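Asker: Provided herewith is a single structure, encoded as structure tokens, for subsequent inquiry.
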Amino acid sequence: MERSSLTLGIEEEYLIVDRETRDIVAEPEAGFLEDCRKAAGDQVTTEFLQCQVEVGTRPHPGVAEAVAELRALRAAVAAAAGEYGYAVIAASTHPFATWRRQSHTRKERYDGLWNDMGAAAWRMLICGMHIHAGIEDDDVRIDMMNQVSYFLPHMLALSCSSPFWEGSDTQLASYRLTVFDALPRTGLPDRLDSFSEFRRLVDHLVASQCIEDGTKLWWDV
Numbered sequence: 088m089e090r091s092s093l094t095l096g097i098e099e100e101y102l103i104v105d106r107e108t109r110d111i112v113a114e115p116e117a118g119f120l121e122d123c124r125k126a127a128g129d130q131v132t133t134e135f136l137q138c139q140v141e142v143g144t145r146p147h148p149g150v151a152e153a154v155a156e157l158r159a160l161r162a163a164v165a166a167a168a169g170e171y172g173y174a175v176i177a178a179s180t181h182p183f184a185t186w187r188r189q190s191h192t193r194k195e196r197y198d199g200l201w202n203d204m205g206a207a208a209w210r211m212l213i214c215g216m217h218i219h220a221g222i223e224d225d226d227v228r229i230d231m232m233n234q235v236s237y238f239l240p241h242m243l244a245l246s247c248s249s250p251f252w253e254g255s256d257t258q259l260a261s262y263r264l265t266v267f268d269a270l271p272r273t274g275l276p277d278r279l280d281s282f283s284e285f286r287r288l289v290d291h292l293v294a295s296q297c298i299e300d301g302t303k304l305w306w307d308v
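Under the numbering used here, the letters of the sequence shown match residues 88 to 308, in that order.
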């Protein structure tokens, strides 16, 4: 069997904090995002909350190239932040900031999430890193989903980085997961036997008006 081609891309979300107080900057100055884009182009975008910013690499054939570009994007955003007295932190949660003081970014997509999900969305003061694996063969993609799902608990155990929430020790190594799991259609997906089975699932959810399209499935893989 011919091996399916693979590309990798990385997205990383940052919290914007004040360099002196270390607290979150709830509403960064208007020029901050513009200066980030001057440094890194359209690979810098807003996120759900105004206190967040996201970078994303282009698709690459290997890990080394993707990591090199991610480092360059991190440096560009950090330099832009420094001009405003800010810093960006790659943290799953902030140790003492409160979600009640945050404002969401005014976009149609985010407005819908803010209004439809209520408090489950309002508490989304969390960040993450997302790996995008481009696999051409549809069924190979589903097979990889099934295999990767087995290892996700192990990967979580190795990467836990959010024990604190609103100034308290939660006694959990990954409180971020607790916050994110409050949203529907998250967590580990059920095992699927083929891409056609996945397609039928999405079609049923769309037909029953549970979701608009497949992008509204927020599974861990």
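Backbone N, C-alpha and C define an ideal beta-carbon position, used for all residues, glycine too. All values derive from a computational prediction rather than experimental measurement.
Is the stretch 169-182 in contact with the stretch 107-121, if contact means three or more CB pairs nearer than 8 Å?
Answerer: Here the stretch 169-182 lies against the stretch 107-121, with 3 or more beta-carbon pairs under 8 Å apart.
Asker: If you draw a straight line from the C-alpha of Trp306 to the C-alpha of Ala163, how long is it?
Answerer: 30 Å
Asker: According to the Cβ coordinates, are Ala177 and Cys214 closer than 9 Å?
Answerer: Closer than 9 Å, so yes.
Asker: With a cut-off of 8 Å on the beta carbons, I'd call Leu160 and Ala127 a contact; round off their distance for me.
Answerer: 5 Å
Asker: Grab me the residues of Met88's own chain with a C-beta within less than 8 Å of its C-beta, minus the 5 sequence neighbours each way, in chain order.
Answerer: In this prediction, Met88 scores a pLDDT of 48, lower than 50, which makes its location untrustworthy; the coordinate-derived value is nonetheless stated afterwards. The answer is none, since no qualifying residue turns up.
Asker: Where do the ends of the alpha helix (DSSP H) carrying Ile229 lie?
Answerer: For Ile229, the enclosing alpha helix (DSSP H) stretches over residues 225-246.
Asker: Compare the beta carbon distance of Thr108 and His147 with 9 Å and say whether it is the shorter of the two.
Answerer: no
Asker: In angstroms with no decimal places, state the Cα-to-Cα distance between Val150 and Glu98.
Answerer: Taking the straight line from one Cα to the other gives about 13 Å.
Asker: May I ask which residues mark the beginning and end of the alpha helix (DSSP H) holding Met204?
Answerer: Start and end: 195-204.
Asker: Where do the ends of the alpha helix (DSSP H) carrying Asp105 lie?
Answerer: Element bounds for Asp105: not the alpha helix (DSSP H) but the beta strand (DSSP E), 93-105.
Asker: What are the boundary residues of the beta strand (DSSP E) that His219 is part of?
Answerer: From DSSP, the beta strand (DSSP E) with His219 extends over 216-222.
Asker: Under a three-way DSSP split, which group does Glu141 fall into?
Answerer: The answer is strand: DSSP assigns Glu141 an E or B state.
Asker: On the three-state DSSP scale, how would you describe Tyr171?
Answerer: Three-state DSSP puts Tyr171 in coil, outside helix and strand.
Asker: Between Leu212 and Gln189, is the Cβ-Cβ spacing less than 9 Å?
Answerer: With respect to the 9 Å criterion, Leu212 and Gln189 are classified as neighbours on the basis of their beta carbons.
Asker: Between which residues of its own chain and Ser86 is the CB-CB distance below 7 Å, once the five residues before and five after are set aside?
Answerer: As displayed, the chain neither begins before 88 nor continues past 308, which places residue 86 out of reach and without an answer.
Asker: Helix, strand or coil for His181? Go by DSSP, reduced to three states.
Answerer: coil
Asker: Suppose the cutoff is 6 Å on Cβ atoms and the five residues either side in sequence are ignored; what does the same chain contact list for Leu217 look like?
Answerer: Per the sequence shown, residue 217 should be read as His rather than Leu. The answer, listed in chain order, is Glu98.
Asker: In chain order, what residues of the same chain have a beta carbon less than 7 Å from the beta carbon of Thr185, not counting five sequence neighbours either side?
Answerer: Glu253
Asker: Between the Cα of Gln64 and the Cα atoms of Val112, Glu114, Ala153, which residue gives the shortest distance?
Answerer: In the structure as shown, the chain starts at 88 and stops at 308, and residue 64 therefore has no counterpart that could be examined.
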